[in-house]
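*Asks:* Input: one structure, supplied below.
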Amino acid sequence: MALKGAYRILYVAPERLESAGFIQFAVNVEISMVTVDEAHCISQWGQDFRPSYLKIVDFLEQLPDRPIVSAFTATATKEVKSDIECILKLASPEFVVTGFDRENLYYSVEHIVGKHKDDFIIDYIEKHPNESGVIYCATGKNVDTLYEKLLDRGVSVTGYHAGMDNEVRKKNQEDFIYDRVQIVVATNAFGMGIDKSNVRVVIHYNMPQSMENYYQEAGRAGRDGENAQCILLFSAKDVMINKFLLEKKEFEGIDADDIELIKQRDAHRLHVMEGYCKTTSCLRCYILEYFGEKTKIPCGNCGNCHREYLETDMTNDAKWVVNCIAETKGRYGMHIVIGTLLGANRARLREVGAINYRSYGVLSHRNEADIRLLMNQMLEEGYIIQTNGKYSVLQMGDISGLKDENTHVIVRTFAQKENAISRI
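Position one of the sequence shown corresponds to residue 90 (this note's numbering), numbered consecutively onward.
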C-alpha cells in the first residue's frame with residue numbers, strides 16, 4: 090500500500106532505515122520530506138544519544154534525490170543544535186526556536202531528606218484532591234515503594250516502570266491518561282508521546298540526571314495552558330544515586346573513543362542539574378540560560394523568587410578560595426580544597442602538602458556547609474571551574490571581577506524552612 094502511495098506520512102524507527110528491504114522500498118517511492126523527531130538523539134551531547142540516529146544521513150545519501158530534511162527537539166543546547174546541523178548535513182538551514190519559557194509552570198526545589206519526601210507528597214496530594222499528577226522516581230524500586238504507601242493512604246494511584254509486564258504498563262498508562270486514576274508514580278520510562286493536557290503537578294522524588302531530562306519531564310505539566318507546579322524534592326543522596334546509575338550505564342554499539350566523551354558529558358550535565366537544586370537564584374532564569382536564552386531578570390514567580398533569604402558578604406572568603414585553588418595548581422577536587430580552608434587534620438592533606446599552604450585554616454571560623462555554599466555560587470558565577478570526569482578537580486575561572494573593589498560575592502541562605510508551595 091505504501092509503495093502505491095496510499096499513505097502520506099510514514100512513522101519509522103531509525104533502526105529500520107538500516108534494513109535492506111526498507112531501503113529498496115525508499116528508493117522506489119517519491120519522498121518529499123524526511124523529518125527527524127527527538128533530534129537531540131543524534132548528538133553525543135544530547136541526553137539520549139542513540140547510535141542508530143547517526144545512520145539517518147547514510148539513508149539520505151542512498152536516495153536518488155535528497156528530500157527536504159527537518160529536525161525537531163524540545164531540548165537542544167547550542168552544542169546539540171550544531172551537531173544536528175553538521176551530522177544531517179543541513180545546507181543553510183532555517184532555525185525556528187519557539188522559546189523555552191513556559192510561563193504557566195511554577196518551578197520549586199524543596200530540600201527534603203529520607204521519609205520526609207513521602208510526608209511532603211502525601212500532604213500535597215491531600216491538599217490538592219482530584220488533581221492529576223505525575224511523580225517521577227529514579228528507580229523502579231522507589232516507584233513500587235511509594236506506590237504502596239500512597240495506595241495504603243487511599244490515593245487513586247498507579248505505577249509505571251520498565252520492570253513491569255508490558256500489558257500491565259499499558260493498562261496503567263491508559264488508566265492515567267483517561268483519568269481513571271489521579272496519580273501515576275513512574276520512572277523516566279514513562280512519558281514519551283504522552284500528551285495529557287490536565288496534569289496539574291509533576292513532582293520529582295529524586296533529582297534527574299540532567300536539565301534536559303528535567304525540562305522534558307516537568308514540561309508534561311500544564312499543557313492546557315493553565316497553572317501547574319513542577320516540584321523537585323532534593324537531597325544530597327540523589328547525587329550519589331545518579332552517579333551510581335551513570336556508572337552502570339550500558340554503551341552497547343558505541344565506539345570506545347565516544348564512550349569517554351559521553352561519560353564526560355553525563356558528569357557535566359549532572360553537575361549542572363545539581364547546581365539547579367542548590368542555587369538561590371531564580372529557577373526559571375537558570376533553566377532558560379542553560380538552553381541559551383540569556384536573562385538576568387528574576388521571574389518573580391518561582392520557589393526561589395518567593396523565598397526570603399539571609400545575605401552574607403563572603404567576598405574575602407571567595408578570594409581565599411581562589412588563592413587555595415592557585416596553590417593546588419588545579420590538581421585537586423572540592424574535598425581537598427574545603428579541608429585545606431578549614432584547616433582540617435587529615436592524613437590526605439598532610440600527604441599532598443596542603444598544611445603548608447598560606448590558605449590552610451584561613452576559613453576555620455566557617456563551617457563546611459558555608460564554604461561549600463560559597464564555592465557552589467562561585468562555580469555558578471564562573472569564578473572557579475569544576476572539570477568533568479570521574480575525578481573532577483577545581484580550577485580557576487574568570488576572576489577578573491574579584492579584582493574590582495566594587496564587586497561583592499553575596500551568599501544567600503534560606504531564612505526559613507517552610508516551602509513556598511503553600512503561597513500559590
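Heads up, the beta-carbon is just placed ideally off N, CA and C, and yes, glycines get one too.
Small disclaimer: the values here were computed from a predicted structure and weren't measured.
1) Would you mind stating whether Glu263 and Gly280 have Cβ atoms separated by less than 8 angstroms?
2) Do the segment 403-422 and the segment 454-465 make contact, defined as three or more Cβ pairs closer than 8 angstroms?
3) Count the other CB atoms, across all protein chains shown, that sit within 10 Å of the CB of Glu339; report buried if there are 16 or more and exposed otherwise.
4) Taking 8 angstroms as the threshold (C-beta atoms), are Val244 and Ile292 in contact?
5) Buried or exposed, going by whether 16 or more other CB atoms sit within 10 Å of the CB of Ile145?
6) Are the C-beta atoms of Trp409 and some chain D residue less than 8 angstroms apart?
7) DSSP on Tyr100, reduced to helix/strand/coil?
8) Excluding sequence positions up to five away, which residues of its chain have a Cβ less than 6 angstroms from the Cβ of Tyr472?
9) Straight-line CA distance for Ala102 to Ile173?
10) Using the beta-carbon count (16 or more within 10 Å), is Glu416 buried or exposed?
11) Go to Tyr225, then tell me how far its beta strand (DSSP E) extends in each direction, as first and last residue.
12) Name, in chain order, the residues that DSSP records as bridge partners for Val441.
13) Which word fits Tyr100, buried or exposed, when buried means at least 16 other C-beta atoms lie within 10 angstroms of its C-beta?
14) Count the other C-beta atoms from every protein chain shown that fall within 10 angstroms of the C-beta of Tyr267, then say buried if there are 16 or more, exposed otherwise.
15) If Phe265 and Met296 are in contact, beta carbons under 8 angstroms, what's the gap, nearest whole angstrom?
16) Using CA atoms only, rank isn't needed, just tell me which of Pro156, Arg289 and Ile376 is closest to Ala310.
17) Need the endpoints of the beta strand (DSSP E) that Ile292 sits in, please.
18) Taking the Cβ atom as the reference point for each residue, do Ile224 and Ile272 lie within a distance shorter than 8 angstroms?
19) If you measure between the beta carbons of Tyr304 and Met362, is that distance less than 8 angstroms?
20) Which same chain residues end up closer than 7 angstroms to Gly381 when comparing Cβ atoms and leaving out the 5 residues on each side of it in sequence?
21) What's the gap between the Cα of Glu400 and the Cα of Asn390?
22) Using only CA atoms, which one of Lys260, Thr429, Ser121 and Ile320 lies nearest to Tyr96?
23) Report the option in Glu192, Gln353 and Ser159 whose CA atom is closest to the CA atom of Leu377.
24) Please tell me whether Tyr196 and Leu372 are closer than 8 angstroms, where the distance is taken between their beta carbons.
25) Going by CA-CA distance only, name the one from Arg358, Cys374, Cys175 and Phe114 that's closest to Met90.
26) Can you give the Cα-Cα distance for Leu92 and Ala180, rounded to whole angstroms?
27) For a test of the three-state rule: what should DSSP assign to Gly248, helix, strand or coil?
28) By DSSP, does Met253 sit in helix, in strand, or in coil?
29) So, with DSSP's three-state summary, where would you put Ala415?
30) Are the CB atoms of Ser286 and Arg312 nearer to each other than 8 angstroms?
31) Please report how far the alpha carbon of His497 lies from the alpha carbon of Glu470, in whole angstroms.
32) Cys366 by DSSP, collapsed to three states: which one?
33) Between Met403, Arg139, Glu256 and Ala356, which has its C-alpha nearest Leu491's C-alpha?
34) Can you find the residues in the same chain that come closer than 7 angstroms, C-beta to C-beta, to Tyr73, ignoring five residues on each side of it along the sequence?
35) Thr401 bridges to which residues according to DSSP?
*Replies:* Let me lay it out:
1) no
2) yes
3) exposed
4) no
5) buried
6) The structure shown contains no chain D; it is built from a single protein chain.
7) coil
8) Gly486 and Ile488
9) 17 angstroms
10) buried
11) Ser221 to Tyr225
12) Per DSSP, none; premise fails for Val441.
13) exposed
14) exposed
15) Rounded, the Cβ-Cβ distance is 23 angstroms, inconsistent with contact.
16) Arg289
17) Val288 to His293
18) yes
19) no
20) Thr166 and Lys167
21) 20 angstroms
22) Ser121
23) Glu192
24) yes
25) Phe114
26) 29 angstroms
27) strand
28) coil
29) helix
30) yes
31) 12 angstroms
32) helix
33) Met403
34) Any answer about residue 73 is impossible in this case: the structure gives the chain only from 90 up to 513.
35) Val500
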